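Report on the structure given below.
Protein chains: 2
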Amino acid sequence: MLTTMMDVPLSLNHVLERAGALFPTQEIVSRRPDKSLVRHSYAQWHRRTRALAAALAGLGLQQGERVATLCWNHHAHLECYFGIPAAGGVMHTLNLRLAPEEIGWIAADAQDRVLIVDDVLLPLYGQFKHLHAFEHVIVFPFSGTSVPAGFTDYEAWLGSADPDAWVPAPHLETDPVAMCYTSGTTGRPKGVVYSHRSTLLHTLVACMGDFWGLKGSDVLLPVTPMFHANCWGTPYGAILTGAKLVFPGPHLHPEDLLDLMTLEPPTLSLGVPTIWMGMIQAYSAAQDPAHPQHGRWKLPQGMRSLVGGAAVPESLIRAFDAHGIWLLQGWGMTETSPLAAVSYPKAELRNAPQVERYRRAAMAGVPVPLVDLRIRGDDGQDAPWNGQAVGEIQVRGPFITGGYHEVPVSEEKFTPDGWLRTGDVASVDTLGFLRITDRTKDLIKSGGEWISSVDLENALMGHPAVAEAAVIAIPDEKWSERPLACVVIKPGHTAEAAALNAHLLQNHFAKWQLPERYEFIAAVPRTSTGKFWKLKLRQMFPN
Amino acid sequence: MLTTMMDVPLSLNHVLERAGALFPTQEIVSRRPDKSLVRHSYAQWHRRTRALAAALAGLGLQQGERVATLCWNHHAHLECYFGIPAAGGVMHTLNLRLAPEEIGWIAADAQDRVLIVDDVLLPLYGQFKHLHAFEHVIVFPFSGTSVPAGFTDYEAWLGSADPDAWVPAPHLETDPVAMCYTSGTTGRPKGVVYSHRSTLLHTLVACMGDFWGLKGSDVLLPVTPMFHANCWGTPYGAILTGAKLVFPGPHLHPEDLLDLMTLEPPTLSLGVPTIWMGMIQAYSAAQDPAHPQHGRWKLPQGMRSLVGGAAVPESLIRAFDAHGIWLLQGWGMTETSPLAAVSYPKAELRNAPQVERYRRAAMAGVPVPLVDLRIRGDDGQDAPWNGQAVGEIQVRGPFITGGYHEVPVSEEKFTPDGWLRTGDVASVDTLGFLRITDRTKDLIKSGGEWISSVDLENALMGHPAVAEAAVIAIPDEKWSERPLACVVIKPGHTAEAAALNAHLLQNHFAKWQLPERYEFIAAVPRTSTGKFWKLKLRQMFPN
């Protein structure tokens with residue numbers, strides 16, 4: 001027997017056209033380099049996006065060819081999210097925080113034909129253009145000044161294209177629409193290629209009520225850069241639901257974000273923990289009547305914020321909850337589109353004590369629909385979900401990558417039965433909550449026992465004087481490895497090793513689990529995606 | 001360039017296994033024939049469902065073969081929803097409200113191999129068993145009494161199967177999982193066959209925040225029978241999100257439902273307008289201190305209710321809103337899985353006056369994602385979305401049927417370019433809201449102008465004395481057709497034609513649009529799915 005259902009492919013073009021038809025008056029707000037706000041309606045965005053598709057077709061772009069973007073978060077970047085696939089192209093978001101050499105290497109590896117770049121990022125382009133020859137460089141006049149001679153002006157180029165001339169080409173749902181490179185701290189970055197299918201499925205799952213819970217009445221402020229795992233997929237969700245969008249442009253400092261949230265209060269936001277730590281510190285400091293910014297900011301009451309990219313300390317969740325803002329921790333990676341797990345308040349926790357809810361909120365969460373997840377122990381067997389047994393997280397599903405662009409599938413990254421090896425080590429409890437204990441390569445093996453650097457970091461960051469803490473392994477003759485804690489003390493505070501050890505003992509760490517040594521540093525070095533750059537720390541403190 | 005995403009098919013088996021792993025303690029409550037409640041945990045349901053799959057495999061069920069159900073809404077029917085597909089079978093829900101001859105014809109047309117039937121429905125089975133020979137008849141002892149000799153006892157059969165023996169067979173995502181017959185008022189019923197893919201996509205779309213908004217913390221009470229378009233797909237959504245389920249069993253009278261809602265307060269419910277009309281009438285009557293049921297019921301404050309299957313009068317929406325219950329109107333049909341449009345409060349209506357919000361809530365709603373929708377005028381052209389122009393609603397998408405089981409694709413049902421012709425006539429306004437003006441065959445053409453029977457019905461049902469109103473066309477020598485209103489007056493009320501006409505004039509009907517005649521009847525005849533059976537009315541009042 002056969003299904004009688006229509007054979008209609010999933011397509012971003014459907015999402016684009018639907019938004020144009022159903023949400024014409026909804027708003028997209030972008031912050032310019034001079035901090036002024038520019039507003040577009042969905043109707044305008046829709047026509048501009050169609051014009052972009054027509055303009056790319058005019059350049060002779062062929063199905064599957066890459067169009068790179070080097071842009072901040074703004075409406076034109078959102079045009080690229082839909083306009084490039086509408087032209088049959090693949091949007092390749094370049095990460096402007098990488099070293100220029102690395103950006104150039106990535107553009108060459110992806111064989112990008114076209115580059116769409118913010119005018120304010122042309123100096124960066126200048127630093128890597130010798131490494132890859134784009135056929136066309138289109139400059140978006142983000143700052144409002146005229147585009148330098150020798151470049152195509154995005155606005156003029158769009159203006160010369162006819163939005164009504166665009167006719168969506170038939171495509172398979174497995175055809176590619178976007179590409180991101182992983183920010184591996186070891187080895188060369190590798191390209192992950194998303195399809196219409198994976199993007200739509202990820203968006204539908206992530207939009208569900210327990211996760212993003214995205215509705216047309218939401219106001220979404222994506223602090224996460226649009227070049228990080230497609231802004232965690234949220235722009236697709238906004239356009240699918242017809243939500244209002246507020247883009248911060250290049251202004252990602254805590255004070256700038258507090259200004260923007262006060263001007264255009266979001267109901268949903270997203271970013272890495274560092275962003276939220278900085279914001280709550282700036283906001284709290286300004287509560288002092290003597291502070292120069294006193295009274296300037298209003299936190300958006302009732303906002304939910306997706307936080308991910310690194311573990312979210314429980315203390316941060318509690319701090320925001322006190323202001324009526326709920327941090328919803330997600331776990332995932334570029335390879336998983338990215339949302340693979342969310343730490344939402346499950347029905348089973350409804351009557352649990354508040355301390356229990358916070359404890360779960362600080363975990364990596366529960367696997368989302370369409371993601372199969374298992375934890376594989378050292379013995380190659382699935383570890384039981386008992387909250388104790390640990391293993392490497394392995395995942396499988398229609399929005400999980402099964403390989404990398406032009407890289408042979410390796411056993412280091414994929415199991416023989418086709419699951420992605422994430423490199424994260426976790427336990428899963430009886431309610432399905434993942435607790436990341438470490439990265440495989442960050443585990444500390446002391447005297448035959450594992451010590452979780454992540455647990456130590458979270459506990460240390462719960463100390464009132466500690467702004468940030470990163471724990472690495474140092475070699476030890478007797479114990480093989482011992483933990484070293486690199487700690488950043490908050491301005492105006494002090495704390496010594498003895499006080500921090502006492503705090504850890506209070507938090508139920510065993511004596512042998514305490515750091516062997518503390519290093520007090522000015523800042524934890526970070527990767528371009530905002531994660532603790534432990535490789536760098538290991539170089540700084542080799543022993 | 002190729003996507004790097006994994007090729008993993010959408011599968012109900014994933015949803016089944018995920019629910020077993022993540023929501024073991026969540027509850028499924030079912031009301032038995034004796035009105036007692038029986039409770040199962042998801043963990044129990046999960047093991048029973050796996051046992052069902054193993055038991056069906058034990059019968060030699062092959063991929064794609066049909067297993068019919070003749071059951072009320074309860075936990076065992078939910079086991080069929082996942083257990084039959086888990087065995088590779090196709091769940092075919094028989095509509096117990098049809099005439100026995102029709103049920104038998106449908107079972108034969110579908111070539112059902114197995115029947116799973118409630119013990120309380122065995123008398124009905126006896127009335128059609130001569131029309132189709134099931135190879136196996138399994139009786140669910142719903143009433144708790146022992147199963148008659150000669151039948152297999154569902155409980156004993158399940159108990160003899162090993163839940164751990166079930167291994168999901170590989171399948172395509174386009175493989176069939178369920179089958180429903182349309183309740184055509186003309187011609188033979190026709191089978192619609194859903195797939196893993198269509199079911200998962202429909203579920204994900206319908207779960208979105210603006211539509212069902214289903215979360216794990218929800219309590220779902222499906223009043224809609226599980227044999228109507230798969231209970232509008234909601235059981236799949238509940239299992240996907242881990243929501244609590246409350247099944248009413250055979251007790252669908254307003255007073256029974258009020259009892260159940262008082263015992264197990266739902267946050268989300270669903271049913272046809274008649275159900276809600278009956279409930280609000282019973283509840284309102286009981287507000288009188290002299291009423292025998294005074295103080296017995298509590299309406300679930302904050303509940304949302306999906307209402308569909310027939311137009312929802314604005315007066316009904318207002319009546320429930322006064323009690324803190326929001327009726328969310330959906331539009332669709334068996335052919336559309338069924339949710340194709342939802343009348344949710346769009347962001348654009350946020351600052352609109354209340355009267356405007358109610359007006360839209362009483363419309364059929366906005367097309368949901370993955371559904372392409374157009375209205376085709378008599379001229380074969382797409383009518384503009386201006387709130388005035390009308391045309392037939394035509395839809396297309398991955399959860400819309402493109403044909404019927406073993407019926408050649410006809411031009412009456414499908415356009416040459418592959419869209420489903422729904423037979424409903426509507427306008428769409430600038431915000432994308434569908435207003436159904438009529439069924440194509442129910443339009444009244446008077447003097448060259450169309451009169452909407454639905455508009456007349458809605459307005460008449462807004463009159464305080466009118467319980468129900470159905471309007472049909474009667475032949476007229478001068479005007480070709482004229483409207484005839486068949487009206488049911490509420491007990492204890494009176495209203496005459498003159499008063500009803502005055503009411504219509506007040507509601508902005510033109511004089512020529514008023515019914516030519518009124519017939520005061522005891523009840524509007526209904527189809528088995530609860531829709532006004534206009535064919536019957538036309539037979540009753542041929543002129």
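If you read the protein sequences in the order shown, they are chains A and B.
Heads up, the first sequence is in full-length UniProt numbering, so the first residue is 1 and it goes up one at a time.
Heads up, the second sequence is in full-length UniProt numbering, so the first residue is 1 and it goes up one at a time.
No residue lacks a Cβ here, since even glycine has one placed at the ideal position from N, Cα and C.
Remember, predicted model here, so these are calculated numbers, not experimental data.
- DSSP places Glu-65 of chain A outside any alpha helix (DSSP H), giving it a letter other than H or E.
- Here Lys-531 of chain B is not bridged, per DSSP, to any residue.
- When Cβ-Cβ separations below 9 Å define contact, Pro-24 of chain A makes contact with chain B.
- Excluding residues up to 5 positions away in sequence, Pro-254, Leu-257 and Leu-258 lie with their Cβ nearer than 7 Å to the Cβ of Met-279 of chain A in the same chain.
- When C-alpha distances from Ala-133 of chain B are compared across B:Val-117, B:Ala-107 and B:Thr-152, the shortest belongs to B:Ala-107.
- Just measuring C-alpha positions, the residue of A:Leu-460, A:Pro-398 and A:Ala-467 sitting nearest Arg-197 of chain A is A:Pro-398.
- Counting along the chain, Ile-472 of chain B sits inside the beta strand (DSSP E) bounded by residues 466 to 476.
- Contacts with chain B (Cβ-Cβ distance below 8 Å) from the stretch 98 to 131 of chain A involve no residue at all.
- The beta carbon of Ala-364 of chain A sits closer than 6 Å to those of Trp-331, Ala-341, Leu-434 and Ile-436, all from its chain and outside the five residues before and after it, given in chain order.
- Counting only Cβ-Cβ distances below 7 Å, Arg-18 of chain A has contacts in chain B at Pro-369, in chain order.
- Looking at the DSSP output, Ser-146 of chain A shares a beta bridge with no other residue.
- Neighbours of Val-205 of chain B across chain A, judged by C-beta separation under 8 Å: Leu-204.
- In chain order, Ala-161 place their CB closer than 7 Å to the CB of Gly-58 of chain A, counting only its own chain and leaving out the 5 sequence neighbours on each side.
- For Pro-248 of chain B, there is no enclosing beta strand (DSSP E), since its DSSP letter is neither H nor E.
- Rounded to the nearest whole angstrom, the CA to CA distance from Val-366 of chain A to Val-272 of chain A is 19 Å.
- Each residue's CA atom was taken as its position, placing Glu-155 of chain A and Ile-116 of chain A some 11 Å apart.
- Ranked by Cα distance from Ala-362 of chain B, the first of B:Val-177, B:Leu-505, B:Gln-394 and B:Ser-343 is B:Ser-343.
- About 6 Å separates the beta carbons of Gly-402 of chain A and Thr-4 of chain B, which is inside the 8 Å limit, making them a contact pair.
- DSSP, read as helix, strand or coil, puts Tyr-404 of chain B in strand.
- An exposed status is given to Asp-164 of chain A, since fewer than 16 other beta-carbon atoms sit within 10 Å of its beta-carbon.
- For Val-425 of chain A, there is no enclosing alpha helix (DSSP H); the residue is found in the beta strand (DSSP E) stretching over 420 to 428.
- Annotation for His-503 of chain B: His-463 place their beta carbon closer than 6 Å to its own, counting only its chain and skipping 5 residues before and after.
- As the crow flies, the alpha-carbon of Leu-12 of chain B is around 58 Å from that of Lys-478 of chain B.
- Taking a C-beta distance under 9 Å as the contact criterion, Ile-28 of chain B and Phe-247 of chain B qualify as a contact pair.
- Phe-140 of chain B has B:Asp-118 as its beta-bridge partners, per DSSP.
- The continuous alpha helix (DSSP H) containing Gln-281 of chain A extends over residues 273 to 285.
- The three-state reading of DSSP puts Val-488 of chain B in strand, counting E and B together.
- At least one CB atom of chain B sits nearer than 9 Å to the CB of Trp-385 of chain A.
- Rounded to whole angstroms, the Cβ separation of Ser-427 of chain A and Gln-388 of chain A is 6 Å, and the two are in contact under 8 Å.
- Between the alpha carbons of Ser-217 of chain A and Ala-243 of chain A lies a distance of about 6 Å.
- Around the beta carbon of Trp-276 of chain A, a 10 Å sphere encloses 16 or more other beta carbons of the protein chains shown; the residue is thus reported as buried.
- For Arg-517 of chain B, DSSP records a beta bridge to B:Leu-484.
- Distance from the CA of Ala-383 of chain B to the CA of Leu-431 of chain B, rounded to the nearest whole angstrom, comes to 15 Å.
- Neighbours of Arg-296 of chain B in chain A, taken as residues whose beta carbon is under 7 Å from its own, are absent, since the nearest beta carbon is some 27 Å off.
- Chain A has a Cβ within less than 9 Å of the Cβ of Met-208 of chain B.
- Partner residues in the beta bridge of Gln-394 of chain A, as assigned by DSSP, are A:Arg-374 and A:Arg-421.
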